[in-house]
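Notes follow the structure.
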Amino acid sequence: MTDPRYDVVAIGNAIVDVMAPCQDDLIDELNLAKGGMTLVDTERAKELYEAMGRATEISGGSAANTLAGMAALGAQCAFVGQVAKDQFGDIFAHDIRAVGIDFDTAPRDAEPPTARCLIFVTPDGERTMNTFLGASQYLPPAALDEELIASAGVLYLEGYLWDPEEPRSAMRRAIDVARNAGRKVAFTASESFVIDRHGDDFRALIEEGKIDILFVNEGELATLTGEGEFEAGLAALKDKVPTLVATRGAQGAVALANGERAEVAAEPIEQVVDTTGAGDLFAAGFLTGHTRGEDLETCLRMGAICAGEIISHIGARSEKDLKALVAQKLG
18 MTDPRYDVVA
28 IGNAIVDVMA
38 PCQDDLIDEL
48 NLAKGGMTLV
58 DTERAKELYE
68 AMGRATEISG
78 GSAANTLAGM
88 AALGAQCAFV
98 GQVAKDQFGD
108 IFAHDIRAVG
118 IDFDTAPRDA
128 EPPTARCLIF
138 VTPDGERTMN
148 TFLGASQYLP
158 PAALDEELIA
168 SAGVLYLEGY
178 LWDPEEPRSA
188 MRRAIDVARN
198 AGRKVAFTAS
208 ESFVIDRHGD
218 DFRALIEEGK
228 IDILFVNEGE
238 LATLTGEGEF
248 EAGLAALKDK
258 VPTLVATRGA
268 QGAVALANGE
278 RAEVAAEPIE
288 QVVDTTGAGD
298 LFAAGFLTGH
308 TRGEDLETCL
318 RMGAICAGEI
328 ISHIGARSEK
338 DLKALVAQKL
348 G
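In case it helps, our numbering puts the sequence shown at residues 18 to 348.
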């Protein structure tokens with residue numbers, strides 16, 4: 018088996034995050050659910066975008082955020098995700114490449130337009146998110162570059178993208194390509210509601226031995242295993258997944274691998290400002306450590322450090338130099 022060209026190749030939703038400050042009266046005027054996340058259609062997305070005024074636009078999506086964190090730590094990464102041939106598609110491609118991630122999925126020359134998450138940030142720091150999934154839901158298996166998938170040490174998959182049929186088929190194909198090439202498959206469950214919808218599929222992948230690294234939070238672990246008690250949930254999966262990583266928010270994280278168990282506390286920070294992206298950046302730190310051959314506890318520490326940085330400010334991109342921060346904290 019040849020050495021991997023990339024540390025990680027990820028498949029996920031290609032979303033442009035559009036973030037703008039606003040006053041509370043605009044939230045009321047637009048009839049938005051403050052602090053929540055709402056799925057919106059094309060017309061509503063257009064209406065909200067026009068109401069935003071001056072905004073910051075960056076590439077987003079769960080797996081893309083993880084790769085951005087990994088790239089900041091010095092990892093070699095590539096992303097597979099569907100955009101449309103439009104302004105937001107250009108923004109996504111330019112921005113994700115600018116942070117050091119290879120992205121070569123051809124844009125789709127058809128409706129719907131590129132996905133976007135329109136984020137209104139009120140003075141209290143609350144983020145009100147309105148997500149239009151658009152073209153990201155139309156990633157076909159034919160868009161996969163199988164040589165690219167086989168060239169990565171780890172294939173990382175985003176549970177959010179399991180919902181639409183085409184990307185689900187693409188991810189199933191990618192799993193087979195990666196495993197046939199002797200590579201590892203990492204999977205993030207994404208949200209409990211995703212497991213509610215597709216838990217049978219996820220449990221089948223686990224039972225078939227197709228997932229090497231599984232990321233869940235405490236709620237997702239309970240939903241996936243049917244075990245309300247955290248330790249019982251871990252016990253239900255520990256012999257089925259080579260590396261099981263479970264995050265617990267302020268209580269830190271646990272990882273089980275090869276009969277070994279490691280735990281870390283959450284990284285101490287002065288103030289939790291915004292937990293959006295915490296799981297994505299935890300995965301970034303853990304996977305970077307894993308691809309470098311670090312021990313289980315160090316991988317967890319790297320994840321906790323990255324998650325701690327991201328929740329200390331608004332937005333899912335690091336404001337500090339992650340590589341320097343991790344080096345300093347690990348000593």
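We treat Cβ as the ideally placed atom computed from N, Cα and C, and that holds for glycine.
How many whole angstroms separate the CB atoms of residue 330 and residue 271, which I take to be in contact at a CB cut-off of 8 Å?
At roughly 26 Å, the Cβ-Cβ gap does not stay under 8 Å, so residue 330 and residue 271 are not in contact.
Starting from residue 177 and walking both ways along the beta strand (DSSP E), at which residues does that stretch end?
Neither: residue 177 is in no beta strand (DSSP E) and is coded neither H nor E.
Just mark residue 288 as buried or exposed, buried being the case when its beta carbon has 16 or more other beta carbons within 10 Å.
exposed
Given 8 Å as the limit, is there contact between the stretch 326 to 342 and the stretch 289 to 304, that is, 3 or more CB pairs closer than that?
yes
Should residue 211 be flagged as near chain D, meaning a C-beta pair shorter than 8 Å?
The chain labelled as chain D is not found in the depicted structure, where only one protein chain is given.
Contact between the stretch 77 to 93 and the stretch 52 to 63 is defined here as three or more beta-carbon pairs at a separation below 8 Å; is this criterion met?
no
What is the rounded straight-line gap between the Cα of residue 157 and the Cα of residue 151?
14 Å
Quick one: is residue 225 buried, meaning 16 or more other Cβ sit within 10 Å of its Cβ, or exposed?
exposed
Evaluate residue 199 with the Cβ neighbour count: other Cβ atoms within 10 Å of its Cβ, from every protein chain shown; 16 or more gives buried, anything less gives exposed.
With fewer than 16 other Cβ atoms within 10 Å, it is exposed.
Let me know if residue 3 comes out buried or exposed under the rule of 16 or more other beta-carbons within 10 Å of its beta-carbon.
Examination of residue 3 is not possible in this model, given that the chain is present from 18 through 348 alone.
Whole angstroms is fine: what's the gap from residue 40's alpha carbon to residue 145's?
12 Å
Going by the DSSP bridge assignment, what does residue 169 pair with across the sheet?
23
By Cβ distance, which residues of its chain are closer than 8 Å to residue 319, with the 5 residues on each side in sequence left out?
90, 302, 303, 305, 306, 311, 343, 347
Could you check whether residue 202 and residue 229 sit closer than 8 Å to each other, using their CB atoms as the reference points?
It is a contact, given that the beta carbons lie within the stated cut-off.
Judging by CA-CA distance, which residue of 76, 142, 63 is the nearest neighbour of residue 120?
76
With 16 other CB atoms within 10 Å as the buried threshold, where does residue 276 fall?
exposed
Write down the C-beta distance between residue 195 and residue 167 rounded to the nearest angstrom, noting that I regard them as a contact closer than 8 Å.
7 Å
Run the CB neighbour count on residue 30, radius 10 Å, all protein chains shown included, and call it buried at 16 or more, exposed below.
buried
Only counting the same chain, and skipping five residues up and downstream in sequence, which positions put a Cβ closer than 7 Å to that of residue 108?
33, 74
Let's test the definition: count the other Cβ atoms within 10 Å of the Cβ of residue 126 and tell me whether it reaches 16, buried, or not, exposed.
exposed
Between the beta-carbon of residue 297 and the beta-carbon of residue 79, is there less than 8 Å?
yes
Considering only residues of the stretch 87 to 143, which uninterrupted alpha helix (DSSP H) runs meet the minimum length of 4 residues and lie entirely inside it, listed in chain order?
104 to 115
Please check the pair residue 396 and residue 321, which I expect to be a contact at CB under 8 Å, by giving their CB distance rounded to whole angstroms.
Since the first and last residues shown for the chain are 18 and 348, residue 396 lies out of range.
Do you know offhand how far residue 267's Cα is from residue 323's?
14 Å
Out of curiosity, what's the CA-to-CA distance linking residue 341 and residue 334?
15 Å
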